[in-house]
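J.:
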Amino acid sequence: MDAHKETLSKILSLPTRLVAPLFQRPYVWSRSDNWEPLWEAFVEVLNRRLSEVKSRPYFLGAIVLDKIKGSTGAVPCREIIDGQQRMTTLQIMLEAGVAVFSECGFEHQSKQLRKLTRNDIDEDDGPDSEEQFKVWPTNADRAAFRNVMTGKASVGLMADAFLYFQGSIRLWLDAPSDGAKERAVAFVKAVHEDLLFVAIDLTDEDDDGQLIFETLNALGTPLLPSDLVKNLLFRAATTAGLNTDKLYNDYWLQFEDDAIYWRAKVKVGRRDRPRIDVFLQFYLTYKLGKEPNLSHQFRDYRDALHDGKFGSVEDAIRDFALHASLYRKYDEATTGNLGRLRHVLALLDLSVPTPLVLGVLANAEDVAQCEAMLETIESYFIRRFLCCLLTKNYNLITAGLITTLKKNGWQNDHLRAALIALAGNSTIWPDDELVFWRVNKRNSYRDLKSGGIAYVLARVEDFLRTAKSEGSWSYKTPLTIEHLMPQKWEANWPLDDPEDTDAKQRRSDLNNRMGNLTILTQGLNSAVSNGSWADKRKHLNQHTVLLMNSELASRETWTEADIEVRSGDLAQKFCQIWPR
1 MDAHKETLSK ILSLPTRLVA PLFQRPYVWS RSDNWEPLWE AFVEVLNRRL
51 SEVKSRPYFL GAIVLDKIKG STGAVPCREI IDGQQRMTTL QIMLEAGVAV
101 FSECGFEHQS KQLRKLTRND IDEDDGPDSE EQFKVWPTNA DRAAFRNVMT
151 GKASVGLMAD AFLYFQGSIR LWLDAPSDGA KERAVAFVKA VHEDLLFVAI
201 DLTDEDDDGQ LIFETLNALG TPLLPSDLVK NLLFRAATTA GLNTDKLYND
251 YWLQFEDDAI YWRAKVKVGR RDRPRIDVFL QFYLTYKLGK EPNLSHQFRD
301 YRDALHDGKF GSVEDAIRDF ALHASLYRKY DEATTGNLGR LRHVLALLDL
351 SVPTPLVLGV LANAEDVAQC EAMLETIESY FIRRFLCCLL TKNYNLITAG
401 LITTLKKNGW QNDHLRAALI ALAGNSTIWP DDELVFWRVN KRNSYRDLKS
451 GGIAYVLARV EDFLRTAKSE GSWSYKTPLT IEHLMPQKWE ANWPLDDPED
501 TDAKQRRSDL NNRMGNLTIL TQGLNSAVSN GSWADKRKHL NQHTVLLMNS
551 ELASRETWTE ADIEVRSGDL AQKFCQIWPR
């Protein structure tokens, strides 16, 4: 390894190609975080050049370069192990300077800058040869980079960067009433003499590019764990002599073709994290049988890869991509058992079971087994929800189920047997008796999430409907929870003896039982809120289209006894809809 101080111009002056390998992350620098600070620092350098103050170099950070075996006669190549975002940005800034100086008539200065972005190649190579570019970004960015550097119409971060630097250079050049030529000369001199890198050349066979890459990116947060995984896999593939371009196009391109989806921030628990790293967490949990420490996701993946837990490098890349596709299938599901399970877990704010869902999608032997297993998973979590049982051990339960199914086979009978075998309130799959007791004897409204209550009641409505029912129905219809006997019942629902404290307590308890709850539109809910039963019946008869509400509206009275009977009826339906 040879580390030394080097000017930008010396790095770029000789015929050279600095190539960012395909396993590098795509271009992500942005205006506020990167372009503006870089330009503001460079303007300070420029202003010192123009003033009487002694010029002072500006260090751009480190650039790590590794050797590449090239064909005879080709432009010498180095691989950019670290620093490709910065070097790519500088190339775009220089190209913006080329364009601005040329339009101002400063052709000499324009040509001087162009020598730092272009190689002098053989005419036989053609105008489209990639060898003309001194810097060549990673695969995902090459088309955009070529368009920006050759003046073609383009969109995206690179195009935005060019427009930003082009506008900034114009403003800086036009700042005084005269002296634009002097400023152009200062610009070129500053680029050649005042911009410095700490250049690290990997020269020995023992220099470990992967280790250096990880070390340089260990502090701060410039790379996602998934970026490090990508780098690890494709460097290993290169070392193994595999066709990395084919592996990239077949398996990894999906993450960069749709970076908007994969790098979007999603909330898991209390944290917002890039979706691809959320997937990595679920994938590791599924593959390793335990939930990884979020700060050590890459380390856990690297260790597992080295231990052969993902098979060969090619197997590992293929497997990662396959499960990413399955995760996206689940994440975007809106219909069927998969869409319903996703909806349920989102309502209950449960992401922990996702690795188990991945395992089902990847391993169920046929569609029927897959559908049955998804229904069983939903039944387990809904029954525990209805019984108001703790969720804190769900990570251990999920890991245990995955381990069991890997051993016994991914079949619904094995999943059911594993769930039935769980004992203790922290893990059990509640039986019918427990569901009946909890729904009949305990509060629901104050103890359970309102979104979950609305969902289970909506599924009852769906259960009641047949092919003869009018209109369509969806359990995802946005409805609110309504107390049939209102929470403020004293005015319109008087007790026989207003002074009977036991009767007051009994009514207050029954008021929040499941049997006293229904679902309505927000407008209808507001209209009937604390009214008498006669008023509620009237509004229900006039406006409701739900079968459960039509049945309620047919009743002459609504009493405490009715609440108890309906609680039992709902409990029975819950057990039918979510069998154990």
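Each step along the sequence shown adds one to the number in the working numbering, with nothing skipped, and position 278 is 278.
Where a beta carbon is used, it is the ideal one built from N, C-alpha and C, also for glycine.
Could you pull the DSSP bridge partners for Asp66 from this structure?
T.: Asp66 is bridged to Glu79, Leu202.
J.: For the 8 Å Cβ check, are there 3 or more pairs between the region 442–459 and the region 395–414?
T.: Segments in contact, no.
J.: Taking the straight line between their C-alpha atoms, what separation do you get for Val148 and Val75?
T.: Looking at the two C-alpha atoms, the distance is approximately 22 Å.
J.: On the three-state DSSP scale, how would you describe Ala571?
T.: Here Ala571 sits in helix by DSSP.
J.: Using 8 Å as the cut-off, can you tell me whether the region 364–376 makes contact with the region 337–351, which would need three or more C-beta pairs spanning the two stretches below that distance?
T.: Verdict: yes, contact present.
J.: To the nearest angstrom, how far is it from the Cα of Ser226 to the Cα of Ile68?
T.: Going from the Cα of Ser226 to the Cα of Ile68 covers about 25 Å.
J.: Could you spell out the range, first to last residue, of the beta strand (DSSP E) harbouring Lys265?
T.: From DSSP, the beta strand (DSSP E) with Lys265 extends over 265–268.
J.: Taking contact to mean at least 3 C-beta pairs separated by less than 8 Å, is the region 481–496 in contact with the region 507–519?
T.: Touching, per the Cβ criterion.
J.: For Ala3 and Gly61, what's the separation of their Cα atoms in angstroms?
T.: So the two alpha carbons sit approximately 12 Å from each other.
J.: Can you tell me which residues form a DSSP beta bridge with Trp136?
T.: Trp136 pairs with Val19.
J.: Give me, in chain order, the residues of the same chain whose beta-carbon lies closer than 7 Å to that of Leu540; leave out the 5 immediate sequence neighbours on both sides.
T.: Hits under 7 Å: Asn549, Leu552, Ala553.
J.: Kindly list the residues whose CB is nearer than 6 Å to the CB of Trp39, restricted to its own chain and excluding five residues on each side of it in sequence; keep chain order.
T.: The answer, listed in chain order, is Ser168.
J.: From Ser474, Lys329, Asn408, pick the residue whose C-alpha is nearest to that of Leu546; which is it?
T.: Of the candidates Ser474, Lys329, Asn408, the one whose C-alpha sits nearest the C-alpha of Leu546 is Ser474.
J.: In whole angstroms, what is the alpha-carbon distance linking Val565 and Gln487?
T.: Answer to the nearest angstrom: the Cα atoms are 19 Å apart.
J.: Taking Trp29 and Gln85 to be in contact with their CB atoms under 8 Å, please state how far apart those CB atoms are, rounded to whole angstroms.
T.: Indeed, because the Cβ distance is near 5 Å, the residues count as touching under 8 Å.
J.: Let me know the secondary structure DSSP gives Ile121 once reduced to three states.
T.: Here Ile121 sits in coil by DSSP.
J.: Consult DSSP for Ala240 and reduce its assignment to one of helix, strand or coil.
T.: Looking at Ala240 - three-state DSSP - the assignment turns out to be coil, as it is neither helix nor strand.
J.: What is the rounded straight-line gap between the Cα of Pro355 and the Cα of Gln91?
T.: Approximately 43 Å between the Cα atoms of the pair.
J.: State the beta-bridge partners of Glu482 as determined by DSSP.
T.: Bridge partners of Glu482: Thr518.
J.: Write down the C-beta distance between Glu131 and Arg273 rounded to the nearest angstrom, noting that I regard them as a contact closer than 8 Å.
T.: Their Cβ separation, rounded to whole angstroms, is 40 Å, which puts Glu131 and Arg273 out of contact at 8 Å.
J.: Just to confirm, are Ser325 and Val268 a CB contact at a threshold of 8 Å?
T.: For Ser325 and Val268, no; Cβs fall outside 8 Å.
J.: Since Lys5 is in the beta strand (DSSP E), which residue starts that stretch and which ends it?
T.: Where Lys5 is concerned, the enclosing beta strand (DSSP E) stretches over 2–7.
J.: Is any heavy atom of the ligand COA found at a distance shorter than 7 Å from the C-beta of Lys329?
T.: Of the ligands one can find in the structure shown there are none, so the ligand COA has no counterpart to examine.
J.: According to the neighbour-count rule (16 or more other Cβ atoms, all chains shown, within 10 Å of its Cβ), is Gly220 buried or exposed?
T.: Any reading at Gly220 needs caution, since the residue's pLDDT is 38, under 50, leaving its predicted position unreliable; the model's value is listed next. Classification of Gly220: exposed, given that the 10 Å Cβ count is below 16.
J.: According to DSSP, what are the bridge partners of Tyr58?
T.: DSSP output for Tyr58 lists Leu195 as bridge partner(s).
J.: If I'm right that Ile317 touches Leu361 with Cβ under 8 Å, what's the distance once you round it to whole angstroms?
T.: Their Cβ separation, rounded to whole angstroms, is 19 Å, which puts Ile317 and Leu361 out of contact at 8 Å.
J.: Who are the near neighbours of Leu389 in its chain, counting only those whose CB is closer than 8 Å to its CB and skipping five residues on each side?
T.: Cβ within range, chain order: Asn425, Ser426, Ile428, Pro430.
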